[in-house]
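Residue numbers (the working numbering): 48 to 244.
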């Protein structure tokens, strides 16, 4: 059966994270209602992004230049590398404006279930960069999932020959969080990661 252009738009919008079929229909109707102020600028922006965005060959970030603005910056600290799973994780850390080092985006995690091994990730590039005598620390900022933990352990094993400190992001109570609402794993991690006051 032939799909109309509107049905195709709804179907494609429904593939985006956080949008189900109903949300996709609402978004499509909103775009049609506001063609000139929403749909046309969105179409132009998507075409421009599709044409100009590249993957940085140094860290794996997305940018319109290669190397990306972070890798090209001379103000970044070359002695620290932060390892993240995906570009969104890099952007989240950058939003905090706390970290000023370099990054490696792995492009996912090790996952036997999904058939993703070390060769599908940016692990070799990380090991190559960590072997540079200028690098003092590698921060593993993988997610607190089974695959994230497995990937962090794998990387730690493979960095043993590099003369670098390997650290992990702390886990625990979020700012403004209440103990009664935390799951057991988060509370346990917070207790294990406690620090002097």
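Quick reminder that beta carbons are idealized off the backbone N, C-alpha and C, glycines included.
Which same chain residues, not among the five before or five after residue i, have their C-beta less than 6 Å away from its C-beta?
i, result
"residue 66", "60"
"residue 78", "85, 86"
"residue 72", "57"
"residue 105", "114, 118"
"residue 53", "none"
"residue 231", "none"
"residue 69", "none"
"residue 80", "none"
Based on DSSP bridge pairs, tell me the residues matched to residue i.
i, result
"residue 150", "129"
"residue 185", "128, 213"
"residue 163", "158"
"residue 226", "Beta-bridge pairing links residue 226 to no other residue."
"residue 110", "101"
Leaving out the 5 sequence neighbours to the left and right, which residues in its chain are closer than 7 Å to residue i when beta-carbon positions are compared?
i, result
"residue 56", "75"
"residue 137", "108, 131, 150, 152"
"residue 229", "220"
"residue 206", "174, 177, 185, 213"
If residue i sits next to residue j, beta carbons under 8 Å apart, how far is it from one beta carbon to the other, in whole angstroms?
i, j, result
"residue 114", "residue 103", "5 Å"
"residue 191", "residue 218", "6 Å"
"residue 202", "residue 170", "6 Å"
"residue 168", "residue 157", "7 Å"
Skipping 5 residues on each side, what residues in its chain have a beta carbon closer than 8 Å to that of residue i?
i, result
"residue 111", "99, 100, 101"
"residue 50", "58"
"residue 123", "117, 147, 148, 149"
"residue 63", "71"
- Task: Note down, one range per segment and in chain order, each beta strand (DSSP E) of at least 3 residues found wholly within the stretch 74-104.
- Result: none
Discussion item. Check whether the stretch 152-167 and the stretch 85-98 touch, using three or more Cβ-Cβ pairs below 8 Å as the test.
Written reply: no
inquiry  = Quick check: the stretch 182-200 against the stretch 220-227, are at least 3 beta-carbon pairs closer than 8 Å?
reply    = no
Touching by the beta-carbon criterion (3+ pairs, under 8 Å), the stretch 174-185 and the stretch 158-166: no
Counting pairs of Cβ atoms below 8 Å between the stretch 119-128 and the stretch 138-152, do you hit three or more? yes
field: the stretch 201-214 touching the stretch 184-193, judged by at least three CB pairs closer than 8 Å
entry: yes
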